[in-house]
Amino acid sequence: MRAQASVLHLDLDAFFAAVEQRDKPSLRGKPVVVGGIGGRGVVSTASYEARAYGVRSAMSTREARARCPHAAYLSGRFDAYRATSAAVLGLLRSCSPLVEPLSLDEAFVDLAQARLADLDVATVTAFAEELRASVREVTGGLTASVGVASSKFVAKVASDLEKPDGLVVVPPGTEQDLLRPMHVSVIPGVGPATVERLRRVGVHTIADLQQISEDELVRMLGKAHGHLLHDLAFARDDRQVEAQRETKSVSVEGTYEQDLTDRKLMESLLTRQAADVARRLRKNGMSGRTVTIKVRLYDFTTLNRSATLPSPTDDEAVVARLARRLLEDLDTSGGVRLLGVGVSGLADWVQEELFGHEDDDPEADAIAEPPAPDRAGAAVPPPADPPADPTGGYRPGMDVVHDEHGRGWVWGSGKGVVTVRFETAETPVGPVRSFAVGDPALTRWQHPPPDEMPTDP
DNA sequence: TCTGGGGTCCTAGGACCC
DNA sequence: TCTGGGGTCCTAGGACCC
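So the first sequence is numbered by full-length UniProt numbering: it starts at 1 and just counts up by one.
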């Protein structure tokens with residue numbers, strides 16, 4: 001906690017939905033929901049018009065559709081969000097050299113480093129109003145909510161108070177008056193599990209939290225969380241605004257429309273994800289030593305398996321081989337709804353560039369299997385290929401495919417999976433099977449004449 | 001057919017080393 | 001034949017954030 005209100009928190013209102021409404025005037029004033037639009041999707045952002053129907057972030061899209069069937073459901077255009085976010089960050093950095101982005105739509109600004117005459121409440125209030133007007137200009141009309149206070153914690157709480165399009169400046173010395181009546185869940189880091197633990201000992205508000213001793217909180221919540229919560233309850237927060245933090249891990253994951261049971265398909269999906277991760281590592285000049293796979297089973301049980309290489313890699317073949325090997329130990333017979341691959345233990349350099357090629361080091365690939373025979377003779381690695389179309393060009397409801405057993409309609413495509421509903425002797429709407437995009441078993445396909453189009457179930 | 005995707009941080013236990 | 005003790009690395013899981 002500083003003596004003056006020198007920390008500003010800015011939060012763009014309903015950001016993804018607002019960008020969509022900005023770019024598509026027909027959506028303005030209407031409910032817009034951005035998120036996963038498949039059968040297992042969840043809401044990322046709902047416009048305020050959609051929130052009026054009870055649609056919320058993290059709600060399943062299925063439930064959102066039930067509450068607000070007439071909303072526009074969009075899967076998101078992250079390039080547009082990134083560009084808009086960059087414009088806002090540029091604006092903030094023109095105000096203060098010390099800006100800490102928290103996500104695409106949120107950032108802290110250290111006003112002590114800004115060119116302000118002083119940090120009086122009146123001065124920072126005028127500055128914040130000007131800033132909000134500037135955000136509107138550089139974003140083409142998006143609104144931001146802003147909080148200003150003597151700490152990160154209170155500034156973030158404050159920015160939420162008058163959403164959307166609001167500004168709250170908390171005068172130094174009044175922080176505890178503001179916080180005490182509030183529910184503990186306003187504290188960042190207090191989620192459902194912590195709320196429940198606190199509820200069981202009768203703690204609901206921050207005033208209640210102030211009554212619990214620090215030792216008791218540490219016993220209940222662990223060392224780090226306990227000490228932090230005790231401090232925050234009394235608005236004690238010295239955390240600095242930190243410019244750019246370094247990336248610690250890179251990962252790709254996917255939830256599939258139907259649970260996966262075919263191990264070969266899982267392997268080919270992991271291989272594809274490993275290639276995506278490795279490509280992103282290379283693009284950012286990074287490499288990492290620890291490969292992790294994530295497997296979510298049919299019942300939502302989530303397993304992680306990891307292994308650490310002797311030296312960092314950005315080679316998709318190495319990541320893929322290790323990922324497939326980690327899968328070997330897992331029982332996936334009940335079905336898998338999510339697969340993911342990640343790399344952590346990042347270094348911003350690749351070891352072989354400093355110490356020669358990794359093949360010179362007998363230990364370099366020790367934990368993984370030896371190089372595949374088809375790779376051994378390649379003197380020059382092929383250039384990084386562009387990301388393959390995850391639908392493989394298969395169009396749901398449009399294409400007919402054959403495998404060795406018969407013919408079927410393409411029912412879904414995406415994330416490297418083609419789902420096919422096969423015809424049987426009894427019914428034209430038979431069993432569903434999934435294949436990897438590019439599976440040679442599915443090379444014969446054709447476009448049916450319009451009168452053969454299947455009707456949607 | 002409840003429950004995304006990309007991250008961060010913390011905890012706890014075991015291996016290993018001095 | 002009695003189990004110290006600290007530090008670091010690795011692995012697995014959980015909570016949380018937007």
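For every residue, glycine included, the Cβ atom is placed at its ideal position computed from N, Cα and C.
Just so you know, these numbers come straight off a predicted model, no measurement behind them.
Next on the checklist: I'd like to check one pair, residue 16 with residue 44: are the Cβ atoms closer than 8 Å?
Outcome noted: Numbered from its first residue, the first sequence carries residue 44 at position 44. Numbered from its first residue, the first sequence carries residue 16 at position 16. A contact, by the Cβ cut-off of 8 Å.
Under 8 Å between the Cβ atoms of residue 188 and residue 163? Position 188 of the first sequence holds residue 188. Position 163 of the first sequence holds residue 163. No. Outside cutoff.
*So, is residue 7 buried or exposed, given that buried needs 16 or more other C-beta atoms within 10 angstroms?*
Here residue 7 corresponds to residue number 7 of the first sequence, with the count starting at 1. Under this definition residue 7 is a buried residue.
So, for residue 315: in the same chain, excluding its five sequence neighbours on each side, which residues have a beta-carbon less than 7 Å away from its beta-carbon?
Counting from 1 along the first sequence, the entry for residue 315 is found at position 315. Excluding positions up to five away in sequence, the list reads 278.
- Residues near residue 57 by beta carbon distance below 6 Å, same chain, minus five either side: Position 57 of the first sequence, counting from 1, holds the residue named residue 57. Only 43 meet the Cβ criterion.
According to DSSP, what are the bridge partners of residue 11? Locating residue 11 in the first sequence gives position 11, counting from the first residue. In DSSP, residue 11 forms a bridge with 106, 145.
- [ ] Determine the DSSP secondary structure at residue 78, reduced to helix, strand or coil.
- [x] Reading the first sequence from its first residue, position 78 is the one you call residue 78. Under the three-state reduction of DSSP output, residue 78 falls in the helix class.
inquiry  = What does the Cβ neighbour count give for residue 440, buried or exposed, with the cut at 16 atoms within 10 Å?
reply    = As a first step, residue 440 must be located in the first sequence, where it is residue number 440. Exposed is the call here.
**Report entry** Which of helix, strand or coil DSSP assigns to residue 177
**Finding:** Residue mapping note: residue 177 aligns to position 177 of the first sequence, counting from 1. Helix, per DSSP.
Next on the checklist: Just verifying my parser: in three-state terms, what is the DSSP assignment at residue 423?
Outcome noted: Position 423 of the first sequence, counted from the start, is the residue given in the question as residue 423. It is coil, neither helix nor strand.
Hey, how far is the Cα of residue 197 from the Cα of residue 185?
-> Along the first sequence, one-based indexing puts residue 197 at 197. Along the first sequence, one-based indexing puts residue 185 at 185. Between residue 197 and residue 185, the C-alpha separation is close to 12 Å.
Check your understanding: Any idea what DSSP makes of residue 318, helix, strand or coil?
Key -> Here residue 318 is taken as the residue at index 318 of the first sequence, counted from 1. Helix, per DSSP.
Looking only at C-alpha atoms, which of 322, 396, 242 sits nearest to residue 99? Your numbering for residue 99 matches position 99 in the first sequence. If we check each option's Cα against that of residue 99, 242 comes out closest.
Item to check | Under 8 Å between C-beta atoms of residue 255 and residue 338 | outcome: Start at 1 with the first residue of the first sequence, and residue 255 comes out as number 255. Start at 1 with the first residue of the first sequence, and residue 338 comes out as number 338. Yes; because the gap between Cβ atoms is below 8 Å, this pair is in contact.
For residue 85, I'd like the list of residues in its chain whose CB is within less than 6 Å of its CB, leaving aside the five on either flank, ordered along the chain.
-> Within the first sequence, numbered from 1, the residue matching residue 85 stands at position 85. Cβ within range, chain order: 104.
Notebook entry, point to check: Quick one, which of 253, 250, 247, 203 has its alpha-carbon nearest residue 230's?
Noted result: Position 230 of the first sequence, counted from the start, is the residue given in the question as residue 230. The shortest C-alpha separation from residue 230 is found at 203.
| query | Rounded C-beta distance between residue 490 and residue 72? I'm assuming under 8 Å. | reply | Limits of the chain in this structure are 1 at one end and 457 at the other, which puts residue 490 out of reach.
inquiry  = Is it buried or exposed, residue 118, if we count other Cβ atoms within 10 angstroms and call 16 or more buried?
reply    = Stepping through the first sequence from its first residue, residue 118 is reached at position 118. When all chains shown are included, residue 118 counts as exposed.
Exercise. Per DSSP, what kind of secondary structure is residue 188 in: helix, strand or coil?
Worked result: Position 188 of the first sequence, counting from 1, holds the residue named residue 188. DSSP places residue 188 in coil when its eight states are reduced to three.
Q) Hey, out of 14, 280, 335, 5, whose CA is closest to residue 165's CA? A) The residue given as residue 165 occupies position 165 in the first sequence. If we check each option's Cα against that of residue 165, 14 comes out closest.
Own chain residues within Cβ distance below 6 Å of residue 391, not counting five before or after: By one-based count along the first sequence, residue 391 stands at place 391. Cβ within range, chain order: 413, 414.
Among 298, 276, 297, which has the Cα closest to the Cα of residue 317?
Start at 1 with the first residue of the first sequence, and residue 317 comes out as number 317. Ranking 298, 276, 297 by Cα distance to residue 317 puts 276 first.
- Identify whether residue 195 lies in helix, strand or coil by the three-state DSSP scheme. The residue given as residue 195 occupies position 195 in the first sequence. Residue state, collapsed to three classes: helix.
Quick one: grab the DSSP three-state call for residue 223. Within the first sequence, residue 223 is the residue found at index 223, counting from 1. In the structure shown, residue 223 sits in a helix (DSSP, three-state: H, G or I).
So what does DSSP say about residue 71, is it helix, strand or coil?
-> By 1-based counting over the first sequence, the position of residue 71 is 71. Reduced to three states, the DSSP call for residue 71 is coil.
In chain order, what residues of the same chain have a beta carbon less than 8 Å from the beta carbon of residue 294, not counting five sequence neighbours either side?
As a working mapping, residue 294 is identified with position 294 in the first sequence. Here the set comprises 251, 253, 302, 303, 304, 338, 339, 340, 341, 342.
Q | Rounded distance between the beta-carbons of residue 308 and residue 290, thought under 8 Å | A | Along the first sequence, read from residue 1 onward, the residue named residue 290 stands at position 290. Along the first sequence, read from residue 1 onward, the residue named residue 308 stands at position 308. That belief holds up - the Cβ atoms of residue 290 and residue 308 are roughly 5 Å apart, short of 8 Å.
Under the rule that 16 or more other beta-carbon atoms within 10 Å means buried, what is residue 83, buried or exposed?
The residue labelled residue 83 in the question sits at position 83 within the first sequence. Here residue 83 is exposed. Its C-beta has fewer than 16 other C-beta atoms within 10 Å.
Under three-state DSSP, which class holds residue 348?
In the first sequence, counting from the first residue as 1, residue 348 sits at position 348. Look at residue 348 here: in three-state DSSP terms it is coil, with no helix or strand label.
task: Might you give, ordered along the chain, the residues of its own chain that have their beta carbon closer than 6 Å to the beta carbon of residue 286, omitting 5 neighbours on each side?
output: As a working mapping, residue 286 is identified with position 286 in the first sequence. Within the same chain, residue 286 has close Cβ partners 346, 348.
Which partner residues does residue 100 have in the DSSP bridge list?
What you label residue 100 is simply residue 100 of the first sequence in a count that begins at 1. According to DSSP, which records beta bridges pairwise, residue 100 is partnered with 108.
Pairwise C-alpha distance: residue 438 and residue 269
For this step, residue 269 is matched to residue 269 along the first sequence. For this step, residue 438 is matched to residue 438 along the first sequence. A straight line joining the alpha-carbon of residue 269 with that of residue 438 spans about 11 Å.
Kindly indicate which three-state DSSP category residue 260 falls into: helix, strand or coil?
On the first sequence, position 260 is the one that residue 260 refers to. Note: residue 260 maps to strand in three-state DSSP.
Q) For residue 20, which of helix, strand or coil comes out of DSSP? A) Within the first sequence, the letter at position 20 stands for residue 20. Residue state, collapsed to three classes: helix.
*DSSP three-state call for residue 415: helix, strand or coil?*
As a working mapping, residue 415 is identified with position 415 in the first sequence. Three-state result, residue 415: coil.
**Report entry** Proximity winner among 418, 227, 160, 327, relative to residue 106 (alpha-carbon distances)
**Finding:** The residue you call residue 106 lines up with position 106 of the first sequence. Closest by alpha carbon: 160.
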